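**Q** Handing you a structure now.
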Amino acid sequence: MTITTYQERLWSFAQGKRLRRFRGMLRTPRDTSCDACGSSLPNHLFGLRDMETKQDYFVGANCMSRLSQMLVLERPFVKADIFTAYSLARNIPQKLKLPHQADLNSGERQPGRNGHADDAGA
Ligand SMILES: [Zn+2]
Numbered sequence: 002m003t004i005t006t007y008q009e010r011l012w013s014f015a016q017g018k019r020l021r022r023f024r025g026m027l028r029t030p031r032d033t034s035c036d037a038c039g040s041s042l043p044n045h046l047f048g049l050r051d052m053e054t055k056q057d058y059f060v061g062a063n064c065m066s067r068l069s070q071m072l073v074l075e076r077p078f079v080k081a082d083i084f085t086a087y088s089l090a091r092n093i094p095q096k097l098k099l100p101h102q103a104d105l106n107s108g109e110r111q112p113g114r115n116g117h118a119d120d121a122g123a
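Under my numbering, the first residue of the sequence shown carries the number 2, and numbering increases by one thereafter.
Shown next as structure tokens:
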């Protein structure tokens, strides 16, 4: 019997990768799934880039916080736009846009925050 637990799935997802986070998140894009655990319809998607392969992954909030707790995420953030990355990764034309992301963006525009993520996790 091959029953993989949630935790095992996350480990195998993270294995061999050097994952960094994107800033911000995506709100419930349609027809998507979590790249880490395979769950469909996550409420939010967070972006992760494997610095080895430059491949981008998108995971649900639950997986994101678990991965963070597992200490498999590198401290610096990815300097790329999560929306652009998502569109590329999932082959979505830019125009076919995700519902209402503007308010999330505006929160990220504050000056003076330079990649220090000491508030992460907790
Ligand atoms: Zn997941």
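Glycine included, every Cβ here is placed at the ideal spot set by N, Cα and C. Owing to the predicted nature of the structure, the values given are computational and were not obtained by experimental measurement.
Tell me which same chain residues have a C-beta within less than 8 angstroms of the C-beta of Y87, skipping the five on either side of it?
**A** The residue given as residue 87 occupies position 86 in the sequence shown. Excluding positions up to five away in sequence, the list reads L27, P30, L46, G48, D57, F59, I93, L99.
**Q** Where DSSP assigns a beta bridge to F78, which residues make up the other side?
**A** Position 77 of the sequence shown, counted from the first residue, corresponds to residue 78. According to DSSP, F78 bridges with R22.
**Q** Would A15 and P43 qualify as a contact pair, given that the criterion is a beta-carbon distance under 8 angstroms?
**A** By 1-based counting over the sequence shown, the position of residue 15 is 14. By 1-based counting over the sequence shown, the position of residue 43 is 42. No, these two residues do not count as a Cβ contact at 8 angstroms.
**Q** Buried or exposed: where does M71 fall if 16 or more other Cβ atoms within 10 Å of its Cβ makes it buried?
**A** What you label residue 71 is simply residue 70 of the sequence shown in a count that begins at 1. M71 comes out exposed.
**Q** Quick test of your reading: R10 and L74, contact by CB under 8 angstroms. State the CB separation rounded to the nearest angstrom.
**A** For the purposes of this step, residue 10 is taken as residue 9 along the sequence shown, with counting starting at 1. For the purposes of this step, residue 74 is taken as residue 73 along the sequence shown, with counting starting at 1. Between L74 and R10 the Cβ distance is about 16 angstroms, and since that is not below 8 angstroms, they are no contact.
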